[in-house]
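Here is the structure we will look at, set down as structure tokens.
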Amino acid sequence: MSEPSPSRPKPTDKPGAASARERDQRSLFERVVEFLSPGPDSTDELIETLAEAEHRELIEPESRVMLEGVIRMADMTAGDVMVAVKRMDMLDIDAPYEQILQQVINTGHSRFPVFEGTRDNIIGILLAKDLLKLQRAPELNLRTLLRAPEFVPESKGLNQMLREFRSNRSHLAIVIDEFGKTAGLLTIEDVLEEIVGEIEDEFDAEDAQSSIFTLADGSKRVAGDATIDDVNDAFGAQLPTEDFDTIGGLVAHELGRVPRRGESVDVGGLTLTVMLGRGGAVRWFKVTRAAASDAAES
1476 MSEPSPSRPK PTDKPGAASA RERDQRSLFE RVVEFLSPGP DSTDELIETL
1526 AEAEHRELIE PESRVMLEGV IRMADMTAGD VMVAVKRMDM LDIDAPYEQI
1576 LQQVINTGHS RFPVFEGTRD NIIGILLAKD LLKLQRAPEL NLRTLLRAPE
1626 FVPESKGLNQ MLREFRSNRS HLAIVIDEFG KTAGLLTIED VLEEIVGEIE
1676 DEFDAEDAQS SIFTLADGSK RVAGDATIDD VNDAFGAQLP TEDFDTIGGL
1726 VAHELGRVPR RGESVDVGGL TLTVMLGRGG AVRWFKVTRA AASDAAES
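Read in order, the letters of the sequence shown correspond to residues 1476 to 1773 in this note's numbering.
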């Protein structure tokens, strides 16, 4: 009796069994796609499907939020997320060192666009930490510390911006309009927040004792959720406390909307300038006493 050929398939093997096993080695993404099959016809339907998946406990709420962020970001551009030019904190290359240092301390950012002559003429990006080099070596020229700016059009997609931020290892880009003028700036944090939600930064370090801090110029940094009573105590003011508990709520009521970054409001003898706003609310105000004429009008 001849031995069976070693190449002959075993009786337990079925045609296509190996390929079936290979098809079973599906990635999580492929299984999610299979779950969505036959597939929604629009972005809104896709988001509704994700909500249903969360309801059925197929995905976690945090995962749904991130997936929604990725989906929505696909249709967004740099112009949708940028900080408008009027609200940009910029440094003048010809300003005295002490003035530049004071502005860096007051605003608290880590990177600044630097202009020469006019605000449209941005010549570089200055890292706040690089100012320390001037203190140790005053003979250095500030221009030598500038990083090359990256310019992008308003129409550039956020997906592409995120890829470029990662590949270039950059954190900030200057957004220009169709005429080549500065329209605003965009940071990698702005892009990531469209996916993961708010990212805490240097302004978000909370003090257990107070939400009011004194800045180098004598003004104060006040949290948007600071109580009006605390603000009155700190400034000797008499802001009304009957209808609102927080300073952010009072300011939004006075304006009829949430103020934007860089916008100033005079209330009860105080000038409140928005330093940071996130999630439709003001996180930090810079507060000073209003000029006598402005206070009288208020």
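All C-beta atoms, glycine included, are put in the ideal place defined by N, C-alpha and C.
As the structure is a computational prediction, the values presented were derived from the model and not from experiment.
Proximity of L1601 and V1589 at Cβ, strictly below 8 Å: On the sequence shown, position 126 is the one that residue 1601 refers to. On the sequence shown, position 114 is the one that residue 1589 refers to. Against a cut-off of 8 Å, the Cβ pair of V1589 and L1601 comes out as a contact.
Indicate whether the contact test is met: 3 or more Cβ pairs, each with one atom in the segment 1628–1642 and one in the segment 1608–1618, closer than 8 Å. Verdict: no, contact absent.
Give the secondary structure of M1750 by DSSP, where H, G and I count as helix, E and B as strand, and everything else as coil. If you number the sequence shown from 1, residue 1750 lands on position 275. Note: M1750 maps to strand in three-state DSSP.
Kindly provide the ranges of any beta strand (DSSP E) runs that are 3 or more residues long and lie completely inside the segment 1616–1665, ordered along the chain. Entirely contained in the segment 1616–1665, the beta strand (DSSP E) runs reaching 3 residues are, in chain order, 1626–1628, 1647–1651, 1657–1662.
Does DSSP classify G1554 as helix, strand or coil? Counting from 1 along the sequence shown, the entry for residue 1554 is found at position 79. G1554 falls in the helix class under three-state DSSP.
Taking DSSP as the reference, what is the three-state secondary structure of S1585? Mapped onto the sequence shown, residue 1585 falls at position 110. Assignment of S1585 by DSSP, reduced to helix, strand and coil, places it in the coil class.
Close beta carbons around A1623, own chain, < 8 Å, minus the five adjacent residues each side: Here the question's residue 1623 lines up with position 148 in the sequence shown. Around A1623, the same chain offers G1599, I1600 as residues with beta carbons nearer than 8 Å, after the five sequence neighbours per side are excluded.
Between which two residues does the beta strand (DSSP E) harbouring V1697 extend? Taking the first residue of the sequence shown as 1, we reach residue 1697 at position 222. Start and end: 1695–1698.
Reduced DSSP category for D1567 - H, G, I as helix; E, B as strand; rest coil: Here residue 1567 is taken as the residue at index 92 of the sequence shown, counted from 1. It is a strand residue.
Counting only the same chain and skipping the five closest in sequence on each side, list residues whose C-beta sits under 8 Å from that of P1486. Indexing the sequence shown from 1 puts residue 1486 at position 11. Legend: pLDDT at P1486 = 48, less than 50; position of this residue unreliable, no value from coordinates given.
May I have the straight-line CA-CA distance separating N1643 from F1760, to the nearest angstrom? Working through the sequence shown from its first residue, we reach residue 1643 at position 168. Working through the sequence shown from its first residue, we reach residue 1760 at position 285. Cα to Cα, N1643 sits roughly 33 Å from F1760.
Opposing strand residues paired with A1559 [DSSP bridges]: The sequence position of residue 1559 within the sequence shown is 84, counting from 1. Under DSSP, A1559 takes part in a beta bridge, and its partners are G1659.
State the DSSP-derived secondary structure class of F1760, mapped to helix, strand or coil. Here residue 1760 refers to the residue found at position 285 when the sequence shown is read from its first residue. If DSSP states are grouped into helix, strand and coil, F1760 belongs with the strands.
Grab me the residues of G1723's own chain with a C-beta within less than 7 Å of its C-beta, minus the 5 sequence neighbours each way, in chain order. Residue 1723 sits at position 248 when you count from the first residue of the sequence shown. If we look at G1723 and ignore the five residues flanking it on each side, its Cβ neighbours are G1699, D1700, A1756, V1757.
In whole angstroms, give me the CA-to-CA distance for A1765 and E1729. As a position in the sequence shown, residue 1765 is number 290, starting the count at 1. As a position in the sequence shown, residue 1729 is number 254, starting the count at 1. The straight-line gap from Cα to Cα measures roughly 16 Å.
What first and last residue would you give for the beta strand (DSSP E) that runs through S1739? The residue given as residue 1739 occupies position 264 in the sequence shown. Note, S1739: beta strand (DSSP E), 1739–1742.
Of the choices S1686, K1631, I1670, R1641, whose alpha-carbon is the least far from that of V1660? For the purposes of this step, residue 1660 is identified with residue 185 of the sequence shown, where counting begins at 1. A small fix is needed here, since residue 1660 is Leu in this sequence, not Val. Closest in C-alpha terms to L1660, from the list S1686, K1631, I1670, R1641, comes K1631.
Count the other CB atoms, across all protein chains shown, that sit within 10 Å of the CB of L1747; report buried if there are 16 or more and exposed otherwise. Here residue 1747 refers to the residue found at position 272 when the sequence shown is read from its first residue. By the 16-neighbour rule on beta-carbons within 10 angstroms, L1747 is buried.
Quick one: is D1569 buried, meaning 16 or more other Cβ sit within 10 Å of its Cβ, or exposed? Within the sequence shown, residue 1569 is the residue found at index 94, counting from 1. Counting Cβ neighbours within 10 Å, D1569 comes out exposed, since fewer than 16 surround it.
Can we say the segment 1707–1723 touches the segment 1735–1744, given the rule of at least three CB pairs closer than 8 Å? The segment 1707–1723 vs the segment 1735–1744: in contact.
Buried or exposed: where does D1665 fall if 16 or more other Cβ atoms within 10 Å of its Cβ makes it buried? Sequence index remark: in the sequence shown, residue 1665 carries index 190 (1-based). Classification for D1665: buried.
What does DSSP give as the partner residues of L1576 in its beta bridges? Here residue 1576 refers to the residue found at position 101 of the sequence shown. Beta-bridge analysis with DSSP links L1576 to no other residue.
For the ligand NAD, I want to know if D1555 counts as a neighbour, meaning its beta carbon is within less than 7 Å of at least one of the ligand's heavy atoms. Absence of the ligand NAD from the depicted structure is noted, as is the absence of any ligand whatsoever, leaving it without description.
Residues bridged to F1590 by DSSP? Here residue 1590 corresponds to residue number 115 of the sequence shown, with the count starting at 1. When DSSP reads this structure, F1590 sits in a beta bridge with D1567, I1597.
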